[in-house]
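Just below is one structure, and these are the notes that go with it.
Numbering (UniProt numbering), first residue to last: 1 to 346.
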């Protein structure tokens with residue numbers, strides 16, 4: 001009798017083994033001449049060499065399946081047992097609209113036409129700007145595309161960053177060290193990643209710098225190669241910060257820049273680096289720009305109405321500013337307070 005031991009590393013045991021080890025029991029039932037014993041994060045196989053080899057191949061395939069889709073189900077085990085040719089790629093081909101499978105096996109895909117435009121733009125361009133109000137899925141879709149690129153080995157790492165700009169509360173008065181002060185600003189990114197990558201795997205990725213989440217200031221001086229890089233809340237970058245970020249781009253890198261110009265938290269006299277970049281880079285080939293609207297909001301139904309109400313107010317204020325600027329010009333007064341973003345054309 002031959003014995004082989006497989007160690008499960010960076011794997012959620014409940015998601016892989018199933019409730020009360022049902023997945024392993026299902027596998028064992030298909031090979032009654034062998035013993036398959038699960039203890040902790042080890043699976044011990046005992047039997048004759050031909051069967052041991054077959055069981056080992058199936059378990060290896062199931063481990064690969066888990067790392068790609070985040071969960072093993074009864075159907076997953078059945079498919080690997082019933083067909084030697086079944087592969088993860090076949091699942092992807094039969095679901096072309098799926099961006100990635102979530103950490104619990106759920107499907108993550110574009111939910112609106114503009115979200116699909118964002119997916120298409122990321123596939124076609126190495127630098128993409130995604131603009132739009134809160135709740136339109138800019139960050140979520142971008143993170144999903146980054147996770148897909150990592151799982152498909154298109155890139156070697158994911159780097160996600162955002163500027164840390166105080167919005168009504170000073171960082172210096174918040175409790176904790178710098179990481180504890182900054183983490184709340186990055187919480188939406190952690191939430192998205194946890195939806196898409198099992199906790200143990202995400203921890204492994206972060207510990208080994210395969211996934212990095214850090215404030216924008218940490219990007220200075222780096223060259224970002226073989227990476228999917230996402231800059232979130234980019235409306236709060238200064239022009240110098242935006243130039244610094246865009247020029248970090250190295251070989252085989254994709255850059256995503258997300259922003260909402262209705263939520264600029266910079267000082268009143270400070271121009272937004274996002275707005276300036278859109279003006280400077282307008283017309284440059286290889287750069288995609290996707291604008292999201294209130295119709296893309298996928299949160300509570302009231303969020304769409306809230307976004308529309310604020311947009312209407314902003315349009316009224318903009319019209320008043322333009323009218324005042326024209327009046328000032330007629331009177332020979334130079335208006336230095338005209339909002340920079342009024343001149344942005346996308």
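Where is the CB? At the ideal position from N, CA and C, for every residue including glycine. The model shown is predicted, which means the values in this text are computed figures rather than measured ones.
Determine, using beta carbons only, whether residue 252 and residue 138 come nearer to each other than 8 Å.
Not a contact, by the Cβ cut-off of 8 Å.
Hey, how far is the Cα of residue 143 from the Cα of residue 33?
When rounded, the distance between both Cα atoms is 45 Å.
Since I believe residue 159 is in contact with residue 212 (beta carbons under 8 Å), could you give me their beta-carbon distance rounded to a whole number of angstroms?
Yes, they are in contact, since the Cβ atoms of residue 212 and residue 159 sit about 5 Å apart, within 8 Å.
Per DSSP, which residues does residue 50 bridge with? Please list them.
Note: residue 50 sits in no beta bridge, so no partner.
Leaving out five residues on either side along the sequence, give the residues of the same chain with a beta carbon under 6 Å from the beta carbon of residue 6.
So the qualifying residues of the chain are 43 and 59.
Is it true that the CB of residue 231 sits closer than 8 Å to the CB of residue 256?
Yes, these two residues count as a Cβ contact at 8 Å.
Closer than 8 Å by C-beta to residue 8: which residues in its own chain qualify, once you throw out the five before and the five after it? Chain order, please.
Here the set comprises 16, 41, 42, 43 and 63.
If you reduce the DSSP assignment to three classes, tell me which class residue 239 lands in.
Three-state DSSP puts residue 239 in a helix.
Between the Cα of residue 146 and those of 284, 108 and 263, spot the shortest distance and give me the residue it belongs to.
Here the closest residue by C-alpha is 108.
How should residue 14 be labelled, buried or exposed, when 16 other C-beta atoms within 10 angstroms of its C-beta is the threshold for buried?
So residue 14 ends up on the exposed side.
Is the region 197-206 touching the region 128-137, taking contact as three or more C-beta pairs under 8 Å?
They do not touch, by the three-pair rule.
With a Cβ-Cβ cutoff of 8 Å, do residue 98 and residue 290 count as a contact?
Their beta carbons are not under 8 Å apart, which means residue 98 does not touch residue 290 by this criterion.
Is residue 30 helix, strand or coil by DSSP?
Residue state, collapsed to three classes: helix.
Under the assumption that residue 241 contacts residue 221 (Cβ atoms under 8 Å), give the Cβ distance between them as a whole number of angstroms.
In fact, because the Cβ distance is near 13 Å, the residues do not count as touching under 8 Å.
In chain order, what residues of the same chain lie with their CB nearer than 6 Å to the CB of residue 122, ignoring the 5 residues before and after it?
Only 128 and 145 meet the Cβ criterion.
Whole angstroms is fine: what's the gap from residue 239's alpha carbon to residue 264's?
Going by the C-alpha atoms only, they are around 13 Å apart.
Select from 280, 65 and 237 the residue whose C-alpha is nearest the C-alpha of residue 270.
If we check each option's Cα against that of residue 270, 237 comes out closest.
With the cut-off set at 8 Å, would you say residue 18 and residue 72 are in Cβ contact?
Yes, they are a contact pair.
Looking at the unbroken beta strand (DSSP E) that takes in residue 39, where does it start and where does it end?
First-last of the beta strand (DSSP E) with residue 39: 35-39.
Taking only runs that begin and end inside the region 261-317, name each unbroken beta strand (DSSP E) of 3 or more residues, in chain order.
Entirely contained in the region 261-317, the beta strand (DSSP E) runs reaching 3 residues are, in chain order, 287-291.
Determine the direct distance from the alpha carbon of residue 29 to that of residue 308, and round the result to whole angstroms.
Straight-line Cα distance between these residues: approximately 58 Å.
Beta-carbon of residue 285 versus every beta-carbon of chain B: anything under 8 Å?
Looking at the structure shown, chain B is missing, and only one protein chain is on hand.
Anyone know if the C-beta pair for residue 24 and residue 66 falls short of 8 Å?
No.
Does DSSP put residue 92 in a helix, a strand or coil?
Any answer about residue 92 is weak, because its pLDDT of 39 lies below 50 and its placement is not dependable; what the coordinates show is given next. Looking at residue 92 - three-state DSSP - the assignment turns out to be helix.
Could you give the distance in angstroms between the alpha-carbon of residue 117 and the alpha-carbon of residue 279?
Going from the Cα of residue 117 to the Cα of residue 279 covers about 21 Å.
Short of 6 Å in beta carbon distance, which residues of its chain neighbour residue 227, apart from the five on each side in sequence? Order them along the chain.
These residues qualify, in order along the chain: 155, 157, 159 and 253.
Can you have a look at residue 48 and say buried or exposed, based on whether 16 or more other CB atoms are within 10 angstroms of its CB?
Residue 48 should be labelled exposed.
Tell me the residue span of the alpha helix (DSSP H) that contains residue 122.
From DSSP, the alpha helix (DSSP H) with residue 122 extends over 113-124.
Could you tell me the alpha carbon to alpha carbon distance between residue 1 and residue 210, rounded to whole angstroms?
Looking at the two C-alpha atoms, the distance is approximately 41 Å.
If I measure Cβ to Cβ from residue 114 and keep anything under 8 Å in the same chain, skipping five residues before and after, which residues do I get?
Excluding sequence neighbours, residue 114 sits near 132, 136, 290, 291, 292, 293, 295 and 296.
Determine the burial state of residue 260: buried for a count of at least 16 other Cβ atoms within 10 Å of its Cβ, exposed for fewer.
Result: buried.
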